[in-house]
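Colleague: Quick one: the structure is below, and I'll ask about it shortly.
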């Protein structure tokens with residue numbers, strides 16, 4: 209049965225479970241590695257467990273079999289702790305806050321300490337802030353490197369230099385367009401919005417598997433949230449993008465009325481893991497995507 213690793217961020221601990229989240233062991237470091245301050249993301253690849261510690265801005269690389277420390281590396285650019293993925297060649301992608309000359313999505317070859325950032329800012333008319341350029345990134349199994357804006361829902365396939373080879377606007381899909389139009393209308397009604405700290409994000413998570421992308425989003429359907437949707441399943445190639453499914457996750461409580469913080473799908477087990485925004489609980493759904 210597949211293993212799952214969960215970050216208990218506020219406790220600075222890691223939890224190892226089976227695929228249905230039944231606890232197997234608690235990983236607290238002991239003498240193997242320094243205590244985590246705030247582990248934010250975990251990634252399992254081959255025999256290694258990669259841990260992003262947000263507070264210390266370090267990447268811990270542990271042996272999966274005994275959790276012995278193999279390496280610890282300082283992030284070359286500060287990570288926001290909102291998303292991370294790893295490629296077959298051990299390149300990492302993570303989100304950093306945008307700067308005037310940097311879009312905020314970083315691809316990092318940690319073994320050689322080389323970084324690239326995505327090159328082009330998303331065009332946009334009207335009230336715009338640097339935070340509108342925040343992006344999530346992931347790698348598909350075929351090696352494609354994808355970038356997706358959190359507020360400006362533009363999906364890009366990037367080359368190894370961070371240049372967009374293909375670009376798609378996800379507001380072509382009704383749930384994303386509705387959310388975008390709603391937020392733009394609200395933005396226009398707020399004086400001096402450019403200097404405010406009001407958060408406006410449509411895309412909440414991004415997960416890549418095989419040749420597909422699973423996009424979590426905020427569904428702004430109004431006060432009646434009985435028909436809320438949570439996820440878009442998308443496939444894309446050099447010529448087209450296809451919306452394969454729109455998914456709603458049912459939890460039986462308030463979590464299903466809002467977006468999910470993180471969503472991860474394991475195609476080998478057909479299990480989807482989602483963390484609720486209201487309760488912070490992690491749910492397991494059996495679904496074939």
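In the working numbering, the protein residues as written are 209 to 497.
Every residue, glycine too, gets a C-beta built ideally from N, C-alpha and C.
Taking the CB atoms as reference points, tell me whether residue 355 and residue 326 lie closer together than 8 Å.
Modeller: yes
Colleague: Let me confirm a value: residue 495 is counted as buried when at least 16 other C-beta atoms fall within 10 Å, else exposed. Which label applies?
Modeller: exposed
Colleague: Need the endpoints of the beta strand (DSSP E) that residue 444 sits in, please.
Modeller: 439–444
Colleague: With DSSP as the reference, label residue 219 as helix, strand or coil.
Modeller: helix
Colleague: Along the alpha helix (DSSP H) that carries residue 393, what are the first and last residues, could you check?
Modeller: Per DSSP, residue 393 belongs to the alpha helix (DSSP H) from 382–396.
Colleague: Take residue 425 and list the residues in its own chain whose beta-carbon comes closer than 7 Å to its own, dropping the five residues that flank it on each side.
Modeller: 383, 384, 387, 410, 411, 412, 440 and 467
Colleague: Just to confirm the assignment, what range does the beta strand (DSSP E) spanning residue 412 have?
Modeller: Per DSSP, residue 412 is one residue of the beta strand (DSSP E) stretching across 411–417.
Colleague: Could you tell me the boundaries of the beta strand (DSSP E) in which residue 469 lies?
Modeller: 468–474
Colleague: Any idea if residue 361 is buried or exposed, counting beta-carbon neighbours within 10 angstroms, 16 or more meaning buried?
Modeller: buried
Colleague: In this structure, does DSSP put residue 379 in helix, strand or coil?
Modeller: Residue 379 carries a helical assignment under DSSP once its states are collapsed to helix, strand and coil.
Colleague: Given a cut-off of 8 Å, decide if residue 347 and residue 507 are closer than it, judged by their beta-carbon atoms.
Modeller: Outside the shown range of the chain, which is 209 to 497, sits residue 507, and nothing can be said about it.
Colleague: Inspect the beta-carbon positions of residue 451 and residue 442 and report whether they are closer than 8 Å.
Modeller: yes
Colleague: For my contact list, residue 473 and residue 422 are in at a C-beta cut-off of 8 Å; report their separation, rounded to the angstrom.
Modeller: 6 Å
Colleague: Indicate the three-state DSSP secondary structure (helix, strand or coil) for residue 328 in the structure shown.
Modeller: coil
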